[in-house]
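Throughout, this note's numbering is defined as the position within the sequence shown, counted from one, plus 7. Cβ atoms here follow ideal geometry from the backbone N, Cα and C, with glycine treated the same way. Quick caveat, the model's predicted, so the values are computed rather than measured. Reviewing the structure listed below.
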Amino acid sequence: MCTPEAVCSATAPSRAAARARCAPRHGGHPERQNTQSSKSSGFSMATIGTCVGLWKFSMADAEAGRRMMRLETLSEDLMIRLRQACPSQRRIAALAACAYAVEYAQVHDSAVLSVLGELNSARGVAASAIEKVKTLLEQADKQYFDLHDASDSSKDIGCLAAFSRARALSAMLFVVEEESLRSSSEAIYEAVSAVDDASAITLRVVSALV
Numbered sequence: 008m009c010t011p012e013a014v015c016s017a018t019a020p021s022r023a024a025a026r027a028r029c030a031p032r033h034g035g036h037p038e039r040q041n042t043q044s045s046k047s048s049g050f051s052m053a054t055i056g057t058c059v060g061l062w063k064f065s066m067a068d069a070e071a072g073r074r075m076m077r078l079e080t081l082s083e084d085l086m087i088r089l090r091q092a093c094p095s096q097r098r099i100a101a102l103a104a105c106a107y108a109v110e111y112a113q114v115h116d117s118a119v120l121s122v123l124g125e126l127n128s129a130r131g132v133a134a135s136a137i138e139k140v141k142t143l144l145e146q147a148d149k150q151y152f153d154l155h156d157a158s159d160s161s162k163d164i165g166c167l168a169a170f171s172r173a174r175a176l177s178a179m180l181f182v183v184e185e186e187s188l189r190s191s192s193e194a195i196y197e198a199v200s201a202v203d204d205a206s207a208i209t210l211r212v213v214s215a216l217v
């Protein structure tokens with residue numbers, strides 16, 4: 008099996024494709040899918056254009072019933088590790104990825120931080136808190152597409168920041184689901200899609216699966 012460093016090396020170059028191929032999983036406009044990117048550097052309008060185009064392709068794949076999980080498009084080895092892990096390991100890995108994405112995307116809403124705290128303490132998450140996260144996700148989606156549709160290059164950073172927030176929030180919604188291989192892999196995929204460098208998340212995931 009590959010080393011953690013090898014997994015990171017294989018995954019990191021594909022992070023743009025990860026953002027580009029995210030299909031909507033937690034509501035939102037059928038073409039305006041979950042979105043985002045993180046800090047203010049390292050992004051371009053070309054990346055945004057790729058995201059929108061490949062989202063539709065990814066949605067078509069999902070509707071056609073593709074069996075391959077999206078995380079496999081980033082790293083087959085990481086997906087193998089997840090399949091071999093026990094549910095508790097997968098959950099820890101997904102939560103670690105989600106927490107990093109939330110911090111990277113600077114999602115500081117009190118409801119989000121409360122959900123993270125409840126997840127870390129293995130307590131149940133209140134339905135009202137989950138609904139708040141869903142609302143925040145919808146707002147981030149809308150903000151991203153509004154900024155993108157404006158075609159104003161001066162808003163590039165804000166557009167990508169909205170993309171990153173939405174992906175991090177989407178990762179959180181997968182983590183609060185009942186644990187399964189699908190929910191954990193999707194949470195990790197969304198988290199990777201929220202950041203500009205996948206290696207930090209991948210290292211955390213691999214460490215949790217050892």
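message: Assuming the contact rule is C-beta atoms closer than 8 angstroms, V212 and A104 should be a hit. Round their C-beta distance to whole Å, please.
response: Mapped onto the sequence shown, residue 212 falls at position 205. Mapped onto the sequence shown, residue 104 falls at position 97. About 6 angstroms; that satisfies the 8 angstroms criterion.
message: Tell me which residues share the same chain as A235 and place their Cβ nearer than 7 angstroms to its Cβ, disregarding the 5 neighbours each side in the sequence.
response: Since the first and last residues shown for the chain are 8 and 217, residue 235 lies out of range.
message: Measuring straight from C-alpha to C-alpha, what distance separates A198 and A178?
response: Translated into the one-based positions of the sequence shown, residue 198 becomes position 191. Translated into the one-based positions of the sequence shown, residue 178 becomes position 171. The straight-line gap from Cα to Cα measures roughly 6 angstroms.
message: Could you compute how far the alpha carbon of A101 sits from the alpha carbon of A136?
response: Taking the first residue of the sequence shown as position 1, residue 101 is located at position 94. Taking the first residue of the sequence shown as position 1, residue 136 is located at position 129. Answer to the nearest angstrom: the Cα atoms are 19 angstroms apart.
task: Taking R211 as part of the alpha helix (DSSP H), name the residues at either end of that continuous run.
output: Taking the first residue of the sequence shown as position 1, residue 211 is located at position 204. R211 -> alpha helix (DSSP H) spans S206 to L216.
- request: Indicate whether S191 and R174 have their beta-carbon atoms separated by less than 8 angstroms.
  value: As a position in the sequence shown, residue 191 is number 184, starting the count at 1. As a position in the sequence shown, residue 174 is number 167, starting the count at 1. Contact flag unset, no.
task: My understanding is that A147 touches A118, with C-beta atoms under 8 angstroms, so please give their C-beta distance in whole angstroms.
output: In the sequence shown, the residue the question calls residue 147 occupies position 140. In the sequence shown, the residue the question calls residue 118 occupies position 111. Not a contact, Cβ separation roughly 13 angstroms.
- prompt: Would the beta-carbon of R90 fall within 8 angstroms of that of E193?
  reply: Working through the sequence shown from its first residue, we reach residue 90 at position 83. Working through the sequence shown from its first residue, we reach residue 193 at position 186. The answer is no: Cβ separation not under 8 angstroms.
query: Which whole-angstrom value is the C-beta distance of K141 and L180, which I expect to be below 8 angstroms?
result: Numbered from 1 along the sequence shown, position 134 holds the residue referred to as residue 141. Numbered from 1 along the sequence shown, position 173 holds the residue referred to as residue 180. Rounded, the Cβ-Cβ distance is 7 angstroms, consistent with contact.
Alpha helix (DSSP H) runs wholly inside the segment 66–115, at least 4 long, in chain order: Entirely contained in the segment 66–115, the alpha helix (DSSP H) runs reaching 4 residues are, in chain order, 83–91 and 94–111.
- prompt: Below 8 angstroms between beta carbons: does that hold for L216 and Q96?
  reply: As a position in the sequence shown, residue 216 is number 209, starting the count at 1. As a position in the sequence shown, residue 96 is number 89, starting the count at 1. Yes, the Cβ-Cβ distance between L216 and Q96 is below 8 angstroms.
- prompt: How about V182 and L126: do their beta carbons lie closer than 8 angstroms?
  reply: If you number the sequence shown from 1, residue 182 lands on position 175. If you number the sequence shown from 1, residue 126 lands on position 119. With contacts defined by Cβ atoms closer than 8 angstroms, V182 and L126 form a contacting pair.
Residue from E83, I99 and D84 whose Cα sits closest to the Cα of S187: To locate residue 187, count along the sequence shown from 1; it is residue 180. Of the listed residues, the one whose Cα sits closest to S187 is I99.
- prompt: Using the rule of at least 16 other Cβ atoms within 10 Å of the residue's Cβ for burial, across every protein chain shown, is M75 buried or exposed?
  reply: Here residue 75 is taken as the residue at index 68 of the sequence shown, counted from 1. The residue in question, M75, is exposed, as its Cβ has fewer than 16 Cβ neighbours within 10 Å.
Closest Cα partner of E184 within the set E138, M86 and I208: Along the sequence shown, read from residue 1 onward, the residue named residue 184 stands at position 177. It is E138.
- prompt: Under the three-state reduction of DSSP, which class applies to I203: helix, strand or coil?
  reply: Your numbering for residue 203 matches position 196 in the sequence shown. In the sequence as presented, Ile is not what sits at residue 203; that position holds Asp. DSSP places D203 outside both helix and strand once states are collapsed to three, so it counts as coil.
- prompt: Helix, strand or coil for V122 per DSSP?
  reply: Position 115 of the sequence shown, counted from the first residue, corresponds to residue 122. Helix, per DSSP.
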